[in-house]
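Protein sequences, first through last, are from chains U and P.
Numbers 0 to 385, taken from numbering that gives the first Met the number 0, label the letters of the first sequence in order.
Numbers 0 to 385, taken from numbering that gives the first Met the number 0, label the letters of the second sequence in order.
Where is the CB? At the ideal position from N, CA and C, for every residue including glycine.
There are 2 protein chains.
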Amino acid sequence: MDNFIFDNATKIYFGKDQIKALPSLLQIFGKNVLLVYGGGSIKRSGLYDSIHSLLHDFNVVECANVEPNPHHTTVQRGADLCKEHDVDVILAVGGGSVIDAAKVMGAGAHYDGHIWDLVMDASKIKEVVPLVTVLTLSGTGSEMNRGSVITNTDLNIKKGTGGQNSLPYASIIDPTYMMTLPAIQTAAGAIDAFSHALENYFKADNDTFMQDAISEAVMKAMIKYAPIALKEPHNYNARANLAWASTLALNGLTGVGKPGPWAVHAIEHELSAYHDVTHGLGLGILIPVWLGFILEEELMPIFVRYGVNVWGIDPKQDDSSIAYQAIDKTIEFFKSLNAPLTLGEVNIDSTHFEAMAKSAVKLGRLTQHLFPLDENDVMMILNQCL
Amino acid sequence: MDNFIFDNATKIYFGKDQIKALPSLLQIFGKNVLLVYGGGSIKRSGLYDSIHSLLHDFNVVECANVEPNPHHTTVQRGADLCKEHDVDVILAVGGGSVIDAAKVMGAGAHYDGHIWDLVMDASKIKEVVPLVTVLTLSGTGSEMNRGSVITNTDLNIKKGTGGQNSLPYASIIDPTYMMTLPAIQTAAGAIDAFSHALENYFKADNDTFMQDAISEAVMKAMIKYAPIALKEPHNYNARANLAWASTLALNGLTGVGKPGPWAVHAIEHELSAYHDVTHGLGLGILIPVWLGFILEEELMPIFVRYGVNVWGIDPKQDDSSIAYQAIDKTIEFFKSLNAPLTLGEVNIDSTHFEAMAKSAVKLGRLTQHLFPLDENDVMMILNQCL
Chain U
0 MDNFIFDNAT
10 KIYFGKDQIK
20 ALPSLLQIFG
30 KNVLLVYGGG
40 SIKRSGLYDS
50 IHSLLHDFNV
60 VECANVEPNP
70 HHTTVQRGAD
80 LCKEHDVDVI
90 LAVGGGSVID
100 AAKVMGAGAH
110 YDGHIWDLVM
120 DASKIKEVVP
130 LVTVLTLSGT
140 GSEMNRGSVI
150 TNTDLNIKKG
160 TGGQNSLPYA
170 SIIDPTYMMT
180 LPAIQTAAGA
190 IDAFSHALEN
200 YFKADNDTFM
210 QDAISEAVMK
220 AMIKYAPIAL
230 KEPHNYNARA
240 NLAWASTLAL
250 NGLTGVGKPG
260 PWAVHAIEHE
270 LSAYHDVTHG
280 LGLGILIPVW
290 LGFILEEELM
300 PIFVRYGVNV
310 WGIDPKQDDS
320 SIAYQAIDKT
330 IEFFKSLNAP
340 LTLGEVNIDS
350 THFEAMAKSA
360 VKLGRLTQHL
370 FPLDENDVMM
380 ILNQCL
Chain P
0 MDNFIFDNAT
10 KIYFGKDQIK
20 ALPSLLQIFG
30 KNVLLVYGGG
40 SIKRSGLYDS
50 IHSLLHDFNV
60 VECANVEPNP
70 HHTTVQRGAD
80 LCKEHDVDVI
90 LAVGGGSVID
100 AAKVMGAGAH
110 YDGHIWDLVM
120 DASKIKEVVP
130 LVTVLTLSGT
140 GSEMNRGSVI
150 TNTDLNIKKG
160 TGGQNSLPYA
170 SIIDPTYMMT
180 LPAIQTAAGA
190 IDAFSHALEN
200 YFKADNDTFM
210 QDAISEAVMK
220 AMIKYAPIAL
230 KEPHNYNARA
240 NLAWASTLAL
250 NGLTGVGKPG
260 PWAVHAIEHE
270 LSAYHDVTHG
280 LGLGILIPVW
290 LGFILEEELM
300 PIFVRYGVNV
310 WGIDPKQDDS
320 SIAYQAIDKT
330 IEFFKSLNAP
340 LTLGEVNIDS
350 THFEAMAKSA
360 VKLGRLTQHL
370 FPLDENDVMM
380 ILNQCL
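What follows is the structure, encoded as C-alpha cells:
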C-alpha cells in the first residue's frame with residue numbers, strides 16, 4: 000500500500016426529506032445564493048418549487064441550463080453571476096454535470112483570468128465560493144469529491160480539474176429524487192459508478208485490501224440494484240443503495256494508497272469532447288473492449304479477483320477462463336441495462352480517432368498506467384468499439 | 000436504509016514517515032501543545048524523541064501516564080494542564096485510550112464543572128481544544144471518530160461520550176509504529192476492530208448494502224492480516240491493512256443508516272469497569288457467547304450472510320448449520336490469535352455479575368437492540384463466559 004492522505008470533509012445528508020436542512024446549511028455562508036441547475040426536470044418534479052419555498056429568506060440568483068458535459072462558457076456565465084451578485088454560497092441542484100460546473104464557477108468567482116485556465120491548470124484554483132449540493136442523479140460521485148470535468152467545445156477538449164478547496168461543504172442525497180429519472184440515465188449513472196470502482200480496482204495491485212473490497216462492493220451494488228431500479232423505479236432501497244454506493248465509489252475510499260492514472264475515463268472524455276455522448280454510456284462501450292485489451296499475464300491476478308469476487312465465478316477454473324467469463328459477464332450486465340455496446344449505436348464513427356487517441360494519451364497520462372497504452376493502443380481500442 | 004448524516008472531516012495522513020507533517024498540522028492552531036501519551040513505549044521506540052525534535056519550535060507541555068481504560072482523574076489532569084498552560088492544540092500519541100482521554104481533556108478545558116459530567120452527559124461537550132493524533136496501536140478507531148470511553152474507578156462505571164466537535168482535526172497513521180507491539184496487543188486491536196464491524200453488522204437488517212459489505216471487508220481484513228502480523232511483526236502491508244481497516248470500521252461507514260445500539264461493547268465496558276481487562280480481549284470472550292445467545296430465527300439471515308460472506312462457508316447447507324459453523328470459526332479465529340476465551344483466563348469471577356448486568360442494560364440501552372437483552376439475559380451470557 001502506498002502512502003496517502005484521506006481528506007474528505009463533505010457532510011452528507013442522506014435520505015428522505017433531508018432537503019429541510021438546506022436553509023441551515025446555506026445560512027452559514029450568507030444570504031446571497033447562486034442556484035445552479037440543468038434543464039427543466041427539477042421544475043417538473045417539484046423540487047425547484049420546494050427549494051424556492053425553503054429559501055424565501057435568501058436572495059436567490061439563478062444559473063440555469065447547465066448542459067450534460069458542461070461547457071466552459073456555461074461555467075464562465077456562473078462565475079460572472081457570482082461576481083455580479085456578490086454570491087455567498089452556490090447551491091447546485093442536479094447530477095454530476097451541474098455539480099462539476101458549480102465547483103468551477105465558485106473558483107472562477109475568485110479568479111481574474113479566463114475560466115479555461117482553471118481547467119487546464121488546476122493549481123490556479125485557490126479560493127472558492129462555498130458549495131452545497133442537492134443530488135438528483137447518482138453516479139458521478141461529484142457530490143463528495145473535489146473533481147470537475149469541463150468541456151471546451153471550441154478546442155474539443157474535455158478535461159478534469161479540481162483544487163484543495165473544491166470539495167462541497169455539504170450534499171443532500173435524497174433517493175426519492177431519483178425515482179423519476181429516465182431509465183437510460185439510471186443505467187448511465189450505474190455504469191459510471193461501476194467504472195469508478197473498476198478503474199481504481201485495475202490501476203494498481205499493491206495489497207490494498209479495504210480499497211479493493213470497497214470497489215468490489217460498489218460494483219456488486221450496481222449489479223444488484225440497477226436492474227431493480229430499472230424494473231421498479233420507485234423502489235426506495237434500490238435507489239438508496241445505488242446512490243450511497245456511487246458516492247463511496249469516488250470519495251477517495253477506493254483509490255487511496257493506489258498510485259497511477261485511470262485509463263477508460265481518459266478515452267471516454269475524448270468521445271464526449273468530440274461527440275457529446277452521455278459519459279456513462281461512453282464508458283460502458285469502452286470498458287469491455289479495454290478489459291479485453293489489457294488481459295495479459297501480469298494483470299491476471301486482478302482479473303481473477305474481479306471474476307471471483309465481483310461476478311461469483313467458480314475459482315476452481317484456470318485463470319484465463321475466469322478472466323474471459325468476467326468480461327462476458329460485464330458485457331451482459333451493461334446489455335441488461337439497455338446500454339449501447341458499440342460506438343455505432345451512439346452515432347460515432349472513426350473520423351476523429353487519431354486526434355482522440357493523441358489527446359487521451361496526453362491528458363490521461365496513459366503511458367503511466369499499470370497497463371500502459373500508447374496512441375496506437377487507443378486507436379485499436381476505439382476501432383474495436385465501432 | 001434509514002436516513003443518516005455522514006460527517007467526518009478528520010484528515011488521515013497514512014503511511015511511513017507521515018509524522019513529518021506534524022509541525023504544519025499543529026501550527027494551524029498555535030504554539031502551545033499538550034502532548035498526551037501513555038507509558039514508556041513511545042520513549043523506547045524513539046517516537047518520543049522524534050516528536051520533540053520535530054516540535055522544537057513549539058511549547059510542549061506533557062501529560063504522560065494515560066492508562067488503558069483511561070480514568071476520569073487522568074482526563075481531569077489533562078484538562079487542568081490545558082487551562083494552566085493556555086494550550087492551543089492537543090497532540091495525542093498512542094492507542095485508543097490515549098486518544099479517547101485526549102478528546103475529553105480538550106472538552107474539559109472549556110468546561111467549568113467536574114470532568115465526569117462530560118462523560119455522563121455528552122451534550123455538555125461544547126467547545127474543545129483542537130486535537131491531532133499519532134496512532135501507535137490500531138483497533139479502537141478513535142483516530143477518526145468523535146467517541147471516547149472513560150472509566151470512573153470510584154463508581155465502577157466505564158462509559159462512552161463525545162460531542163459534535165470531538166473529532167480529531169488530523170490523525171497520522173504510520174504502520175511502522177505498530178511493528179513493535181506486544182503480540183497480545185496486536186490481537187486485542189484486531190478483535191476490537193472486528194467487533195466494531197460485527198456490532199454494526201448485527202444491529203439492524205434494513206438493506207444497507209455498502210455498510211454491510213464494508214463491515215464484512217473489515218472482518219475479513221482482520222482474519223487475513225492479524226495472523227500475518229503476529230507471525231511477521233514487521234510485515235508492512237499486514238500492519239497497513241490492519242490499521243486502515245480498523246480506522247474504517249468505526250468512522251461511520253459501517254454504521255450509518257442502521258439504527259440501534261450495540262450489545263457486546265456495553266457488556267464489555269462492565270468487565271473493564273470492574274476488572275480493568277484489556278478491552279479487545281474482553282470483547283473476544285463475549286462475542287462467541289453473545290452470538291450463540293442471539294442465534295434465533297429472526298436473525299438467521301444475518302447469521303447466514305456472516306457465515307457465507309465473512310467465513311466462506313458453503314451456502315448450500317441449511318441455515319442453522321451455517322450459523323453454528325460461523326460461530327465456531329469465530330472462536331477458532333480468536334483462539335488462533337492466542338486471545339483468552341473465558342473470563343477465568345483473565346481472572347474474572349461472578350462476584351459483580353448482577354451489578355454489571357444492571358448497568359450494561361441501562362447504559363447500553365440493551366432492551367432497544369435488534370435482539371433485546373434484559374438483565375437476566377446478560378447474566379446468562381456472563382455466566383456462560385466463565
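**Message:** Assuming contact is defined by CB atoms lying nearer than 8 angstroms, are isoleucine 172 of chain U and phenylalanine 13 of chain U in contact in what I supplied?
**Reply:** yes
**Message:** Less than 8 angstroms between the C-beta atoms of isoleucine 213 of chain P and isoleucine 213 of chain U, yes or no?
**Reply:** yes
**Request:** Using a Cβ-Cβ cut-off of less than 7 angstroms, give me the residues of the stretch 200-217 of chain U that come near chain P, in sequence order.
**Result:** Legend: CB atoms of the stretch 200-217 of chain U lying less than 7 angstroms from CB atoms of chain P belong to residues Asp206, Phe208, Met209, Ala212, Ile213, Ala216.
**Request:** Spatial neighbours of glutamine 367 of chain P within its chain, please: CB distance less than 7 angstroms, with the 5 preceding and 5 following residues excluded, ordered by chain position.
**Result:** Gly259, Pro260
**Request:** Would you verify that the beta carbon of glycine 162 of chain P is, or is not, closer than 8 angstroms to some beta carbon of chain U?
**Result:** no
**Item:** Simplified DSSP assignment, three categories, for histidine 109 of chain P
**Value:** If DSSP states are grouped into helix, strand and coil, histidine 109 of chain P belongs with coil.
**Asked** Under 8 angstroms between the Cβ atoms of isoleucine 149 of chain U and valine 74 of chain U?
**Response** yes
**Request:** Give the straight-line distance between the Cα atoms of lysine 334 of chain U and phenylalanine 292 of chain P, rounded to the nearest whole angstrom.
**Result:** Answer to the nearest angstrom: the Cα atoms are 46 angstroms apart.
**Message:** Count Cβ pairs between the stretch 157-171 of chain P and the stretch 195-212 of chain P that sit closer than 8 angstroms; are there 3 or more?
**Reply:** no
**Prompt:** Is the Cβ of aspartate 1 of chain U closer than 8 angstroms to any Cβ of chain P?
**Reply:** yes
**Item:** Bridge partners - valine 35 of chain U, DSSP secondary structure assignment
**Value:** Paired residues: U:Cys62, U:Ala91.
**Asked** Of all the alpha helix (DSSP H) runs that stay within the bounds of the stretch 139-164 of chain P, which reach a length of 4 or more residues?
**Response** none
**Request:** Please name the residue in P:Leu154, P:Ile312, P:Leu53, P:Asp317 whose C-alpha comes closest to that of histidine 70 of chain P.
**Result:** P:Leu154
**Bridge partner(s) assigned by DSSP for alanine 20 of chain P** = Bridge partners of alanine 20 of chain P: none, in fact.
**Asked** Taking Cβ to Cβ, would you say lysine 19 of chain P is nearer than 8 angstroms to aspartate 87 of chain P?
**Response** no
**Message:** Suppose contacts are defined by Cβ-Cβ distances below 8 angstroms. Is isoleucine 183 of chain U in contact with asparagine 346 of chain U by that definition?
**Reply:** Cβ distance not < 8 angstroms, so isoleucine 183 of chain U and asparagine 346 of chain U don't count as in contact.
**Item:** Neighbour list for tyrosine 110 of chain P in chain U, Cβ cutoff strictly below 7 angstroms
**Value:** In chain order: nothing, as chain U lies at least about 25 angstroms away.
**Asked** Among residues of its own chain, excluding the 5 on either side of proline 445 of chain U, which ones have a beta-carbon nearer than 7 angstroms to its beta-carbon?
**Response** There is no way to answer for residue 445 of chain U, as the model of chain U reaches only from 0 to 385.
**Asked** Roughly how many angstroms separate the alpha carbons of methionine 177 of chain P and threonine 152 of chain U, rounded to a whole number?
**Response** Between methionine 177 of chain P and threonine 152 of chain U, the C-alpha separation is close to 52 angstroms.
**Item:** Per-residue burial, alanine 100 of chain P [other beta carbons within 10 Å of its own, 16 or more giving buried]
**Value:** buried
**Request:** Report the residues of the stretch 236-252 of chain U with a CB closer than 8 angstroms to any CB of chain P, ordered along the chain.
**Result:** If the cut-off is 8 angstroms between Cβ atoms, the stretch 236-252 of chain U has Asn236, Ala239, Asn240, Trp243, Ala244, Leu247, Leu252 near chain P.
**Closer than 7 angstroms at the beta carbon, the chain U residues around glutamine 17 of chain P** = By Cβ distance, chain U contributes Asn2.
**Request:** Just the chain P side, please: which residues come within less than 7 angstroms of glycine 146 of chain U by C-beta, in chain order?
**Result:** Residues of chain P passing the Cβ test: none, with the nearest at roughly 18 angstroms.
**Option in U:Ile222, U:Lys230, U:Trp115 with minimal Cα separation from lysine 157 of chain U** = U:Trp115
**Prompt:** Closer than 8 angstroms, CB to CB, is aspartate 275 of chain U near chain P or not?
**Reply:** no
**Message:** Contact between the stretch 298-307 of chain U and the stretch 265-277 of chain U is defined here as three or more beta-carbon pairs at a separation below 8 angstroms; is this criterion met?
**Reply:** no
**Prompt:** Taking DSSP as the reference, what is the three-state secondary structure of alanine 8 of chain P?
**Reply:** coil
**Request:** Over the uninterrupted beta strand (DSSP E) stretch that includes alanine 169 of chain U, give me the two end residues.
**Result:** Its beta strand (DSSP E) spans residues 169-172.
**Request:** Would you tell me roughly how many angstroms separate the C-alpha atoms of alanine 242 of chain P and leucine 340 of chain U, rounded to the nearest one?
**Result:** Computed Cα separation, rounded: 41 angstroms.
**Request:** Keeping to the same chain, check which residues put their C-beta closer than 7 angstroms to that of alanine 78 of chain U; ignore five residues upstream and five downstream.
**Result:** Met104, Gly107, Ala108, Ile114
**Item:** alanine 220 of chain U to alanine 244 of chain U span [Cα, whole Å]
**Value:** 7 angstroms
**Asked** Less than 8 angstroms separating the beta-carbons of valine 32 of chain U and leucine 54 of chain U?
**Response** yes
**Request:** Return no unless some Cβ of chain P is closer than 8 angstroms to the Cβ of phenylalanine 5 of chain U.
**Result:** So yes, phenylalanine 5 of chain U belongs to the interface.
**Prompt:** How is threonine 72 of chain P classed by DSSP in three states: helix, strand or coil?
**Reply:** helix
**Asked** What first and last residue would you give for the beta strand (DSSP E) that runs through threonine 132 of chain U?
**Response** 130-134
**Prompt:** What in chain P is Cβ-close to isoleucine 11 of chain U, meaning under 9 angstroms?
**Reply:** Phe3, Ile4, Phe5, Asp6, Val255
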